[in-house]
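Beneath this line is the structure, given in structure tokens, with notes to follow.
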Amino acid sequence: MRRYCKKLKLTRDVLRDGYLDWLASESGKKNGWRVAREYGSADALLAEIEREIRNRSLAFRPLRSYDKADGTNGKVRHITVESVKQQVCDHIAVVAMAPLLRARVGRNQYGSTKGKGALAAKRRVERYIGRYRYFVHADVRHCYESMSTHMVSGILRRYVACPWLLYLCDALLATYGGCLILGSFLCLRLAQLVLSFGYHFTEGLGKVRRGRFRSLVGKMLWYADDIYLFGDCRRDLRRAVGMLAAYLGDGFGLRLKPWKICRCDQPCTIVKGRKRPRAEPCDIAGYKVYRDHTVLRRRIYLHAVRAFGKFAKRPAGKIARRACSLWGYLKHTDSRRTCRNRGIASLLSQAKAYC
């Protein structure tokens with residue numbers, strides 16, 4: 471077993487790389503001004519972090535949390551807010567662990583990394599839908615809450631050989647209350663690291679048929695805690711998901727939500743007087759992907775249309791920005807064709823002028 475970060479030393483350059491990574495992130499752009507207000511300067515903050523890591527006395531302000539309803543699906547999520555210092559330490563830890571994350575996280579593990587967002591995942595699913603007959607969409611139940619910090623710390627100790635980096639991760643994990651939390655950049659990448667074991671386990675699943683090894687899964691894509699497996703054989707997909715569920719449950723304490731095998735290769739047609747059922751779409755990151763077209767989820771589509779309707783009645787900067795952001799969903803799907811009769815194209819140019 472290979473270990474990573476063996477020769478990584480605690481230097482100001484390593485800390486500054488993490489700080490710059492935080493500044494470039496969404497949280498850094500939003501809260502960067504607080505560094506000068508709370509610590510005087512970025513150098514003072516990094517000096518404090520370096521001193522406390524060397525003395526093994528790293529301390530953070532208490533976490534704040536609140537419940538937030540997701541605007542697209544109505545789910546209530548428990549969001550945790552970290553202090554500026556802890557946010558910077560999150561990015562320092564992730565930047566320092568970059569060799570481990572690059573080596574372990576799978577090629578088709580999407581979400582939380584640059585270039586592998588919702589749009590890239592949608593395009594890859596469109597490619598797989600066109601090649602295979604069946605797919606399975608499985609979802610990890612309470613993904614973050616099911617990942618204990620003790621289990622995650624054990625994984626890091628197996629693969630990370632840098633003492634100060636292990637201390638930094640342990641100090642951050644100790645503030646989470648026993649499990650990973652929503653709202654932490656470090657938890658986002660650590661959850662991806664934990665799920666990578668299931669990813670590589672699924673890669674190796676197969677059977678020997680007529681003297682040759684054949685994979686149970688044709689292609690797969692993992693988007694955050696959503697798992698999409700594609701193939702041409704129902705039995706092989708059912709077996710693969712069952713083995714994956716047992717592996718995640720026994721090794722990591724994770725459970726999958728109820729799942730089913732869906733057919734994606736045939737439209738609704740009439741064969742010998744009988745109506746064949748319509749192929750089911752692959753629902754991923756707000757998109758519904760069919761073999762011949764892609765549309766938005768109904769709720770997101772209605773949000774977009776209503777946003778443009780509100781802007782038409784009462785133009786304002788806030789609603790204009792919301793309409794333009796939702797247009798990003800529409801323009802990459804066939805749902806944009808239904809917007810022509812609503813005059814959204816002309817409204818879009820007006821909304822851009824307000825942004």
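In our numbering, the protein residues as written are 471 to 825.
Even for Gly, the Cβ is constructed at its ideal location relative to N, Cα and C.
Bear in mind the structure is a predicted one, so any value in this text is a computation, not a measurement.
Straight-line gap, residue i to residue j (C-alpha atoms, nearest Å)
i    : j    : result
D616 : R767 : For the sequence presented, residue 616 should be read as Ser rather than Asp. Taking the straight line from one Cα to the other gives about 28 angstroms.
K476 : D762 : 50 angstroms
G488 : V664 : 22 angstroms
L733 : A661 : In the sequence on display, residue 733 carries Arg and not Leu. Rounded to whole angstroms, R733 to A661 spans 30 angstroms at the Cα level.
R547 : T645 : 19 angstroms
C691 : A514 : Here residue 691 turns out to be Leu, not Cys, going by the sequence shown. The alpha-carbon atoms of L691 and A514 are separated by roughly 43 angstroms.
R679 : S685 : 10 angstroms
I731 : G576 : 23 angstroms
R486 : C639 : 17 angstroms
I740 : S654 : Here I740 scores only 48 on pLDDT, less than 50, and its place in the model is too uncertain to base an answer on.
W729 : R769 : 22 angstroms
G813 : D540 : 28 angstroms
V610 : A631 : 30 angstroms
G557 : G676 : Gly is not the amino acid found at residue 557; the sequence shown has Gln there. Their Cα atoms are separated by approximately 42 angstroms.
C657 : A641 : 13 angstroms
Selection from the options that minimises the alpha carbon distance to residue i
i    : options                : result
Y637 : R524, K801, Q579, A517 : R524
D491 : A563, R733, V765       : A563
R472 : P569, A494, E508       : P569
R482 : P532, C559, R504       : C559
G585 : E673, Y693, S819, Y717 : Y693
S553 : G581, R507, T583       : R507
D537 : W634, L478, L652, G581 : L652
Y604 : K500, G787, A777, L699 : L699
S819 : S795, Y717, L528       : S795
R574 : G723, Y669, K677       : Y669
Y474 : R521, R504, R627, I549 : R627
Those residues which DSSP pairs with residue i across a bridge
i    : result
W692 : Q579, I697
S685 : G676
Y757 : I754, L766
Y474 : V630
L714 : Answer is none; L714 lacks a bridge partner.
F649 : Checking the sequence, you will find Cys at residue 649 rather than Phe. DSSP output for C649 lists S618 as bridge partner(s).
Residue-level contact to chain D via CB, residue i, 7 angstroms cutoff
i    : result
C703 : Considering every chain present, this structure includes no chain D. It has just one protein chain.
Cβ separation of residue i and residue j, assumed to be a contact under 8 angstroms, to the nearest whole Å
i    : j    : result
A755 : A588 : 4 angstroms
V595 : V759 : 5 angstroms
Legend entry - Start-end ranges of the alpha helix (DSSP H) lying completely within the region 526-576, minimum 4 residues: Complete alpha helix (DSSP H) runs here, min 4: 554-566, 568-574.
Legend entry - Inside the region 763-804 only - beta strand (DSSP E) runs reaching at least 3 residues: Runs of the beta strand (DSSP E) inside the region 763-804: 764-766.
Legend entry - Unbroken stretches of the beta strand (DSSP E), 3 residues or longer, contained in the region 577-624: For the beta strand (DSSP E) assignment, the uninterrupted runs of no fewer than 3 residues enclosed by the region 577-624 are, from N- to C-terminal side, 604-609.
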